[in-house]
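Working notes, structure below.
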Ligand code: ADP
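Residue numbers (this note's numbering): 551 to 1029.
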C-alpha cells in the first residue's frame, strides 16, 4: 500500500518583500542606481529588484566601515561588542521563521532545511562568536590581539544567510567592521539581516551590505581601503582574487570548491551509510562545496549499496520548496541548471551509466532529478569537476589503500567521509586523507566551534572555531 502525502505548504505571509531594494551603508538603506531582478527559482516569479553597486556605492560603504572602525568599534571593549552579537543572534532566532521563508523563496532550498539548518546555524554562529568577543586574549593567539580594520566579504548563493553569519560574526567579534556582498541571485536575507542590525542598534557603519554581481565583488577586492578579504565561492573566482591581492598588504581567506570522497568500507553499517550518502549529496540540492559527490564503494558491497541507494533515492520528495515534506528543492538558477546538464552529458558521453530517481519535476522553475552515475572512472569529468548539483559519481575500490589513493586524486581537498565499523580503520583513513574536514559515519555536520576549510584548490584558511577567529586578527598564528 502506498500513502500519498497531502500538501503541507509553509505560509509566506510572514515575509514582506519590497518591490525594490537599495544598499545598507552607514546604518541606513540608500537607494541604488541600477537594478536587476531576483527570482524564485522554483516558480521563476520575480520577487524584487536588487541594486547593483558600482564604484561610488562601494566607496561609500568602505568609507562608512572605516569611520565606524576608527571612531566606534575599535574603541569599544570586547564585552560591549559581544553584547551586540548576542543581540543580533537573539533577533535572528526571534525572526527565524521570516528568515527561513525568505531564504527558501529566494534560493529554492526546501523550507525544512532553511528552517532546521540554515537559520539555526546562522544564529548559533553569532552566539558562539559573541562569547569570543571579550575573550580574544585567551584564544591562544597571543595576549595582544588586534583587528585588521575593514573586512571585505563576498559570499555565494548556496547558504546565503549562513555564509553571511560565517563571515560577519567572527569579523565583528574580533573587532573588524565589514562590507559584505551577497551573491546576485540571493540577496534578500542579507538585506533582512541589515534590518536586524538596525533593530539591534548596531553602531552605524559596522556592517555595510552592498548588493551586485561579480563586478561589485571585484570592486571590493581591489578597493585600497579594505584590509582583509574573505571569499567563499568558485575556485575560478578564488584564483582571480588571490592574484588581485597578491601585490597588496591585504590578508585573505578563500573557501572554494570541493569534490569530496565519501568512502564506504565493507564493514560499514550499510543502511546508515545509505542515509549518509543521500544526505552527503542531496542535501541542499547538492549545492554544497563539501558535498560527498564522489562515492567510493568497496567492490564486494557495491551491488548491495547501490540497490539500497536506488530504493532510498526513489523516496526523495522533489518539488515545491515551501512544502514542509519536500526533500529536494529547486536548482538555484538557470545558469546552474545548464552547468549541471552540461557536465552530466559528459558523464553519458564518457561512458558512465546514468540512473535518475523516478520523479515528476514541476513544469516551471529549475529542476534536476536526484541522479547517480555508475561505472565512473577517475579520468571522467564528472569525477574531477565540481557539479554542484544533485548528482553522485560512483567509483569502486578493492583495498583501503586504493580508496585513499582515489580519494586524494583530486585538485580539491575540502572534505571527506568514512563509513566503517572499525575505529582503527577510521583513524588510519582520516590521517591519510588530504581534506580539511573528515566525517566518520556521518556527513554534512556543521558546528560553529569546528574549523572548516580546505587543502589544495579548496582554499586558504579556516572558518569557524578558534582557527576561523584567527583569520580576523592581525599577526595571529594560523595553525
Ligand atoms: P558560484 O559558482 O557559486 O556562483 P562565484 O565564485 O561565481 O560562485 O560567486 C561567488 C561570489 O563571488 C558571488 O557573490 C559573486 O558575485 C562573486 N564574484 C563573482 N566574480 C567575482 C570577481 N571577479 N571578483 C569578486 N567577486 C566575484
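Quick reminder that beta carbons are idealized off the backbone N, C-alpha and C, glycines included.
Item                                                                                                                                                        : Value
What do you get for residue 581, buried or exposed, if any count of 16 or more other CB atoms within 10 angstroms of its CB means buried?                   : exposed
Less than 7 Å between C-beta atoms, sequence neighbours within five positions excluded: which residues of the same chain meet that for residue 864?         : 907 and 908
For residue 539 and residue 858, what's the separation of their Cα atoms in angstroms?                                                                      : This structure gives no information on residue 539, because the portion of the chain shown stretches from 551 to 1029.
With contact counted as at least three CB pairs below 8 Å, one residue from each stretch, are the stretch 922 to 941 and the stretch 766 to 773 in contact? : no
Span of the alpha helix (DSSP H) holding residue 1030?                                                                                                      : The first residue shown for the chain is 551 and the last is 1029, placing residue 1030 beyond what the model contains.
Hey, quick one: how far does the alpha helix (DSSP H) through residue 897 stretch, first residue to last?                                                   : 884 to 899
Is DSSP giving residue 982 helix, strand or coil here?                                                                                                      : helix
Which same chain residues end up closer than 6 Å to residue 610 when comparing Cβ atoms and leaving out the 5 residues on each side of it in sequence?      : 575
Can you name the start and end residues of the alpha helix (DSSP H) that residue 958 belongs to?                                                            : 950 to 958
Mind listing, in chain order, the continuous alpha helix (DSSP H) runs of no fewer than 4 residues lying wholly within the stretch 745 to 820?              : 764 to 771 and 785 to 795
Could you spell out the range, first to last residue, of the alpha helix (DSSP H) harbouring residue 859?                                                   : 849 to 863
Just how far apart, CA to CA, sit residue 560 and residue 949?                                                                                              : 48 Å
Using only alpha-carbon positions, find the residue among 558, 577, 860 and 997 that is nearest to residue 751.                                             : 577
What is the DSSP secondary structure of residue 591, reduced to helix, strand or coil?                                                                      : coil
Just curious, the alpha helix (DSSP H) that residue 967 is in, first and last residue?                                                                      : No alpha helix (DSSP H) holds residue 967; the beta strand (DSSP E) holding it covers 965 to 969.
In angstroms with no decimal places, state the Cα-to-Cα distance between residue 1053 and residue 999.                                                      : An answer regarding residue 1053 cannot be provided, because it is not within the stretch 551 to 1029 covered by the chain.
Quick check: the Cα distance between residue 691 and residue 835, rounded to an integer number of angstroms?                                                : 38 Å
Does the beta-carbon distance from residue 624 to residue 697 come in below 8 Å?                                                                            : yes
Mind reading off the beta-carbon distance from residue 812 to residue 830? Whole number of angstroms is fine, and I expect it under 8 Å.                    : 5 Å
Measuring only the C-alpha atoms, how far is residue 776 from residue 584?                                                                                  : 24 Å
CB of residue 1007 to nearest heavy atom of ligand 2: below 7 Å?                                                                                            : As for ligand 2, it is missing from this structure, which binds only ligand 1.
Given a threshold of 16 other Cβ atoms within 10 Å of its Cβ, counted over all protein chains shown, does residue 793 qualify as buried or as exposed?      : exposed
Pairing CB atoms from the stretch 612 to 631 with CB atoms from the stretch 727 to 735, are three or more of them under 8 Å?                                : yes
Return yes when the C-beta of residue 731 is under 7 Å from any heavy atom of ligand 1, and no when it is not.                                              : yes
Does residue 651 pass the burial test, meaning 16 or more other C-beta atoms within 10 Å, or should it be called exposed?                                   : buried
What did DSSP end up calling residue 601 once you bin it into helix, strand or coil?                                                                        : strand
Determine the contact status of residue 676 and residue 639, defining contact as a CB-CB distance below 8 Å.                                                : yes
Is there contact here, the stretch 909 to 918 with the stretch 730 to 747, by at least three beta-carbon pairs under 8 Å?                                   : no
Does DSSP put residue 837 in a helix, in a strand, or in coil?                                                                                              : coil
Quick check: residue 621 and residue 1023, are their CB atoms within less than 8 Å of each other?                                                           : no
Rounded to whole angstroms, what is the Cα-Cα separation between residue 1021 and residue 846?                                                              : 34 Å
Using three-state DSSP, classify residue 1029 as helix, strand or coil.                                                                                     : With a pLDDT of 35 at residue 1029, under the threshold of 50, the modelled position of this residue cannot be trusted, and the question is left open.
Who are the near neighbours of residue 958 in its chain, counting only those whose CB is closer than 7 Å to its CB and skipping five residues on each side? : 983 and 984
Can at least three beta-carbon pairs, one atom from the stretch 886 to 893 and one from the stretch 867 to 875, be found at a separation below 8 Å?         : no
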